[in-house]
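Asker:
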Amino acid sequence: MDQKVDHFKIPENVASYSYGDHPERALVIGSGFGGLAAAIRLALKGYEVQILERLGSAGGRAYVHRRNGFTFDAGPTIITAPFLLEELWEMCGKKMSDDVDLRAMDPFYQIRFSDGRIFNYTGDLERMKAEVAKFSPKDLPGYLRFLDEAENCYKLAFEDLGDVAFDSVKDLVQAMPNLIKMRAWKSLYSLVAKYIKDPQLREVMSFHPLLIGGNPFSVSSAYALINSLERKWGVHSAMGGTGAIIKGLVGLLNGLGVSIRYSSTVKKINIVDNKVTGVTLENGDVLYSNKVVSNADTAWTYKNLIAPEYRKVWTDKKIENGQYSMSLFVWYFGTKKKYQEVPHHMMLLGKRYKELLEDIFKRHHLAKDFSLYLHRPTATDPSLAPEGCDTFYVLSPVPHLDSGTDWSEVAESYRKSIAKMLSETVLPDLEENLVESFVMTPQDFQDRLLSYKGAAFGLEPLLTQSAWFRPHNRSEDIEGLYMVGASTHPGAGIPGVLSSARALDSLVEPAKMVTNRA
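Under the numbering used here, think of the first position of the sequence shown as 5, with each following residue one higher.
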């Protein structure tokens, strides 16, 4: 912090030190979307807030890599429910549009099947009906009935329950009527299959949970809400990349007097009498606070930052027995030519669907085939690459580290397999045009982002690992400890992560003026 005395740090070799009267303090571990949003909300409640970020800049999974004129968003690239972001600016008395230029995507995604057929997925009903009719005219009535189900799930799950903290069994009991109305115990794929018969259309309408770490054959039918969420609010991308939104949020925090301490890895959360007292950093610094919000992976937080004697609910055994989401292999690359035919967002689906997902989620087997998400942000914002060049990343869902894959040995051959597939389909002569290239593997998710088992989204969003059954936003064991981000309730994706921070409003009281002595 810029001031002479860091109110969070306990001075060394001082037995008793008075800080005088000050607002209650809150420490936020991690500067992903959840951590930044939580810090804004806590600051507006009157807390003196400091964010601790182990990397060299903000963003967490939304970190930005800049290499030789190319700008690569490390993680989230699909912006839905922009009102959740706009709300943060409004709370600070500002307009998001003054800091962030969001552009609506049209189409949302282009979905390409292995046989070359293409489905252009949009928010326009008439165009969507025409796309469905291209594949299977007989499925049009069923498609419209599925849209009704998706709208029902949006109202019951997202609008009614999205920012409910599920802090007690009472919250779960009160949610039961909604879960019953949605038949939430059914899988999303089974809901889609009830109304749509064409196999490829079933894939089109059920792939969305993969964007937040879920297997369409296992996650609750409630996730049909994503279909309605996108149609209602659109799919957007930010000029300058997702990192431009992170920059805007950091600007809001600067205006609130919130500091971010970079290159600061938390070694442990300090606890006395089952109450948070602050954190200890890897460099030995001890920071005082009676509120700690972890935007880090919850399994990692409980297992590595909190001593076992304080964990009655999230024991090592419970953490280890959880079913975790898949991980990701991400290849970031720049080309010296432009591929004008490739849209901003493209899904390239392989020949196998259910079988490939079983390899990833159930057998934890790294298959030779894959389905891919190809991201070409320069389709919207050419400034993200040098003139005449394109910026890309391609993402392949893969098993987490229980697969036993040695990614230091496999990464390059896996990348080459993806490059070959892209060269043969939508990016001809790719290898000859590469000028920038690097990858992120499940091992990086564990080592760099501290994700348990290298899982990209925490616990898999099964019904039995959602809402009250997911790690709570307020720790079940430790007073003053809170969780935000993809691995707590309500789950992954930018809307879910922002809603986790929103849930803190019902859990954290406004700050008081206190006097503390170290």
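Using N, Cα and C, we set each Cβ at its ideal position, and we do this for glycine too.
1. Using alpha carbons as the reference points, say which of 178, 117 and 342 lies closest to residue 205.
2. Between the alpha carbons of residue 475 and residue 493, how many angstroms are there, rounded?
3. Determine whether the beta carbon atoms of residue 480 and residue 297 lie at a separation below 7 Å.
4. Where do the ends of the alpha helix (DSSP H) carrying residue 145 lie?
5. Does DSSP put residue 508 in a helix, in a strand, or in coil?
6. Whole angstroms is fine: what's the gap from residue 71's alpha carbon to residue 158's?
7. Going by DSSP, name the residue or residues bridged to residue 394.
8. Can you grab the Cα-Cα spacing for the pair residue 391 / residue 381, in whole Å?
9. Which whole-angstrom value is the C-beta distance of residue 485 and residue 253, which I expect to be below 8 Å?
10. Does DSSP put residue 474 in a helix, in a strand, or in coil?
11. Grab me the residues of residue 18's own chain with a C-beta within less than 6 Å of its C-beta, minus the 5 sequence neighbours each way, in chain order.
12. Alpha carbon to alpha carbon, how far is residue 134 from residue 371? Give it in angstroms, no decimals.
13. Which residue's Cα is closest to the Cα of residue 501: 507, 509, 490 and 511?
14. Helix, strand or coil for residue 310, going by three-state DSSP, please let me know.
15. Among the candidates 68, 462, 217 and 473, whose CA atom is the shortest distance from the CA of residue 301?
16. Using three-state DSSP, classify residue 45 as helix, strand or coil.
17. For residue 54, which residues does DSSP report across the bridge?
18. Taking the alpha helix (DSSP H) that residue 417 belongs to, which residues open and close that run?
19. Inspect the beta-carbon positions of residue 415 and residue 445 and report whether they are closer than 7 Å.
20. Considering just the uninterrupted stretch of the beta strand (DSSP E) at residue 114, what are its terminal residues?
21. Among residues of its own chain, excluding the 5 on either side of residue 402, which ones have a beta-carbon nearer than 7 Å to its beta-carbon?
Answerer: Taking the geometry as given:
1. Locating residue 205 in the sequence shown gives position 201, counting from the first residue. For the residues 178, 117 and 342, the minimum Cα distance to residue 205 belongs to 117.
2. Here residue 475 refers to the residue found at position 471 when the sequence shown is read from its first residue. Here residue 493 refers to the residue found at position 489 when the sequence shown is read from its first residue. Whole-angstrom Cα-Cα distance: 7 Å.
3. Position 476 of the sequence shown, counting from 1, holds the residue named residue 480. Position 293 of the sequence shown, counting from 1, holds the residue named residue 297. No, they are not a contact pair.
4. Position 141 of the sequence shown, counted from the first residue, corresponds to residue 145. Element bounds for residue 145: 144–157.
5. By one-based count along the sequence shown, residue 508 stands at place 504. For residue 508, the three-state secondary structure derived from DSSP is helix.
6. Taking the sequence shown and counting its residues from 1, one reaches residue 71 at position 67. Taking the sequence shown and counting its residues from 1, one reaches residue 158 at position 154. Taking the straight line joining both Cα atoms gives about 40 Å.
7. As a first step, residue 394 is located in the sequence shown; it is residue number 390 there, counting from the start. According to DSSP, residue 394 bridges with 339.
8. Start at 1 with the first residue of the sequence shown, and residue 391 comes out as number 387. Start at 1 with the first residue of the sequence shown, and residue 381 comes out as number 377. Our two residues, residue 391 and residue 381, have alpha carbons roughly 14 Å apart in a direct line.
9. For the purposes of this step, residue 485 is identified with residue 481 of the sequence shown, where counting begins at 1. For the purposes of this step, residue 253 is identified with residue 249 of the sequence shown, where counting begins at 1. So it is not a contact: roughly 23 Å between Cβ atoms.
10. Here residue 474 is taken as the residue at index 470 of the sequence shown, counted from 1. Three-state result, residue 474: coil.
11. Counting from one through the sequence shown, the residue named residue 18 turns up at place 14. Residue placement at residue 18 is flagged as unreliable, the pLDDT there being 32, under the threshold of 50; a coordinate-derived value is accordingly withheld.
12. Working through the sequence shown from its first residue, we reach residue 371 at position 367. Working through the sequence shown from its first residue, we reach residue 134 at position 130. In a straight line, the C-alpha of residue 371 is about 34 Å away from that of residue 134.
13. As a first step, residue 501 must be located in the sequence shown, where it is residue number 497. For the residues 507, 509, 490 and 511, the minimum Cα distance to residue 501 belongs to 490.
14. For the purposes of this step, residue 310 is taken as the residue at position 306 of the sequence shown. Residue 310 falls in the coil class under three-state DSSP.
15. On the sequence shown, position 297 is the one that residue 301 refers to. Measuring from the Cα of residue 301, the nearest candidate turns out to be 462.
16. Stepping through the sequence shown from its first residue, residue 45 is reached at position 41. The answer is helix: DSSP assigns residue 45 an H, G or I state.
17. Here residue 54 corresponds to residue number 50 of the sequence shown, with the count starting at 1. Per DSSP, the beta-bridge partners of residue 54 are 31 and 263.
18. In the sequence shown, the residue the question calls residue 417 occupies position 413. Residues 411–429.
19. Position 411 of the sequence shown, counted from the first residue, corresponds to residue 415. Position 441 of the sequence shown, counted from the first residue, corresponds to residue 445. Yes, Cβ-Cβ distance for residue 415 and residue 445 is below 7 Å.
20. Against the sequence shown, residue 114 aligns to sequence position 110. Counting along the chain, the beta strand (DSSP E) containing residue 114 begins and ends at 113–116.
21. To locate residue 402, count along the sequence shown from 1; it is residue 398. Once the five neighbours on either side are set aside, the close Cβ partners of residue 402 are 330, 331, 332, 333, 364, 370 and 446.
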